[in-house]
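The listed protein sequences correspond, in order, to chains L and Y. If you count the first sequence from 1, position 104 lands on 149 in the working numbering, and the numbers rise without skipping. If you count the second sequence from 1, position 244 lands on 724 in the working numbering, and the numbers rise without skipping. Report on the following structure.
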Amino acid sequence: MTSGLATTGSGTYRPYGSGIARGREPANLGDILERVLDKGLVIAGDIRINLLDIELLTIKLRLVIASLETARDVGINWWENDPWFGAESSNGSGSSELKAENRRLRNRVRELESGGNGG
Amino acid sequence: VAEPAGVWLYAITEGIPATGLSRLVGVGGMPVRAITSAGLAAIASNVGLDEFGEEALRVNLDDMTWLEATATAHHRVIDAMSRAQPVVPMRLATVYSGDTKVHAMLGQRGDDLREVLSRISARQEWGVKAYAAGVLAVGLGASAGGPGRGLAGSGAEYLRRRREELVASKQARQEVLVSAERVHQALSRLASASRLHPPQAPVLAGTRATMILNAAYLLDEARHRQFSETVQQLAAQHPAVQLQLTGPWPPYSFASLEKDGHAEDGQ
Numbered sequence: 046m047t048s049g050l051a052t053t054g055s056g057t058y059r060p061y062g063s064g065i066a067r068g069r070e071p072a073n074l075g076d077i078l079e080r081v082l083d084k085g086l087v088i089a090g091d092i093r094i095n096l097l098d099i100e101l102l103t104i105k106l107r108l109v110i111a112s113l114e115t116a117r118d119v120g121i122n123w124w125e126n127d128p129w130f131g132a133e134s135s136n137g138s139g140s141s142e143l144k145a146e147n148r149r150l151r152n153r154v155r156e157l158e159s160g161g162n163g164g
Numbered sequence: 481v482a483e484p485a486g487v488w489l490y491a492i493t494e495g496i497p498a499t500g501l502s503r504l505v506g507v508g509g510m511p512v513r514a515i516t517s518a519g520l521a522a523i524a525s526n527v528g529l530d531e532f533g534e535e536a537l538r539v540n541l542d543d544m545t546w547l548e549a550t551a552t553a554h555h556r557v558i559d560a561m562s563r564a565q566p567v568v569p570m571r572l573a574t575v576y577s578g579d580t581k582v583h584a585m586l587g588q589r590g591d592d593l594r595e596v597l598s599r600i601s602a603r604q605e606w607g608v609k610a611y612a613a614g615v616l617a618v619g620l621g622a623s624a625g626g627p628g629r630g631l632a633g634s635g636a637e638y639l640r641r642r643r644e645e646l647v648a649s650k651q652a653r654q655e656v657l658v659s660a661e662r663v664h665q666a667l668s669r670l671a672s673a674s675r676l677h678p679p680q681a682p683v684l685a686g687t688r689a690t691m692i693l694n695a696a697y698l699l700d701e702a703r704h705r706q707f708s709e710t711v712q713q714l715a716a717q718h719p720a721v722q723l724q725l726t727g728p729w730p731p732y733s734f735a736s737l738e739k740d741g742h743a744e745d746g747q
């Protein structure tokens, strides 16, 4: 209707003209995941976060990686101060390096685990 | 008294929570309680380490169905709490081995936590996304796939059209980028702080349009109306981008203990 206003395809958001000052609109899953996985206060609990980081990074990459490639094509890079992406700020191939590193670590963990079970 | 197997944290509040915790349902369907210490309260659930321990989390976080249920439950608790008082949301999967460790953390990090609480007090987070309004996607498609190739009469004709496409798409991109930048600048002036997040993948955002801007703004409660009106005005002024406003959110994007990157305009 009005140019410039967007709603998502899923229809979870109404155009914000309607009722924005009243209650909250239902949040979509992507927005929730982005915030709970990547934002929020980080205080290391008693579970070893260094191992969890590997998993969270996998999810993080899955969530945004497709858009990063498109975004680079367009010429935007303003999230690159984000610590999650620090490793790839120097060149454009960082995300694939990160993936490869992630894969190596997973394989290593698997090796160690299967070695332990076998012995 | 036996300590629970694991204590999952949702958020930190100051004093005793104003929200009826008994009405809330936490991760794994667990009840929600408060662990208070040093004038602060950690909002928490007891969780089994068979599902929320280190080994289990490594597997479960990769399972989208589990992740969706857990992330949603985590968010719901934080969201409900944040309606009644300022809360510092915790990153997903912050798990302690017992109440004793949580007490210790509240004691050690108390000053930092109070500082974050005062920064976000009487403020809420709003999200604004900008999408390229159509033109850009066509431009990108053309440069990636060359859809007109089969129709080109000759190599020279193809090259000419290709050049025109590239020029047009470059101009379209430029307009989109400038628009997104102006939108962000205008909205930042109304906010006490702002954050730029990576654009989301189209599948995640539930749309095919290319996301150009994915920003979060920390707004005084008194500014909400002015902010949403400004978003509407900006949408009309910048037809190259489509804008989407979400919120209010608990202040996820502004819960960090780091002080850098805060654009406290003091307006």
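Glycine included, every Cβ here is placed at the ideal spot set by N, Cα and C. A quick note: this is a predicted structure, and the numbers were derived from the prediction, not measured.
- State the Cα-Cα distance for the pair residue 753(Y) and residue 643(Y), rounded to the nearest angstrom. Residue 753(Y) is absent from the structure shown; chain Y starts at 481 and stops at 747.
- Message: Would you say residue 79(L) lies against chain Y (beta-carbon separation less than 9 Å)?
- Response: yes
- Secondary structure of residue 561(Y), DSSP reduced to three states: helix
- C-alpha distance - residue 724(Y) paired with residue 609(Y), whole-angstrom precision: 5 Å
- Would you identify the three-state DSSP class for residue 547(Y), choosing helix, strand or coil? helix
- Task: Answer with yes or no whether the minimum CB distance from residue 566(Y) to chain L is below 9 Å.
- Result: no
- Could you have a look at residue 499(Y) and say whether DSSP puts it in helix, strand or coil? coil
- Counted within 10 angstroms of its Cβ, other Cβ atoms place residue 595(Y) as buried (16 or more) or exposed: exposed
- Report the neighbours of residue 82(L) on chain Y: residues whose CB is nearer than 9 Å to its CB, in chain order. 541, 547, 551, 571, 572 and 573
- Top-ranked residue by Cα proximity to residue 562(Y), from 491(Y), 577(Y) and 509(Y): 491(Y)
- Message: Quick check for students: name the residue ranges of the alpha helix (DSSP H) that lie wholly in the stretch 631–709 of chain Y, counting only runs of 4 or more.
- Response: 635–668 and 682–685
- Message: Could you tell me the alpha carbon to alpha carbon distance between residue 554(Y) and residue 81(L), rounded to whole angstroms?
- Response: 8 Å
- DSSP beta-bridge partners for residue 516(Y)? 521(Y)
- Message: Just checking: is the beta-carbon of residue 667(Y) within a distance shorter than 9 Å of some beta-carbon in chain L?
- Response: no
- Task: Can you grab the Cα-Cα spacing for the pair residue 493(Y) / residue 662(Y), in whole Å?
- Result: 36 Å
- Task: Kindly indicate which residue of 489(Y), 582(Y), 547(Y) and 518(Y) has the alpha-carbon position closest to the one of residue 748(Y).
- Result: As shown, chain Y starts at 481 and ends at 747. That puts residue 748(Y) outside it, with no answer to give.
- Message: If you follow the alpha helix (DSSP H) that residue 529(Y) is in, where does it begin and where does it stop?
- Response: 529–532
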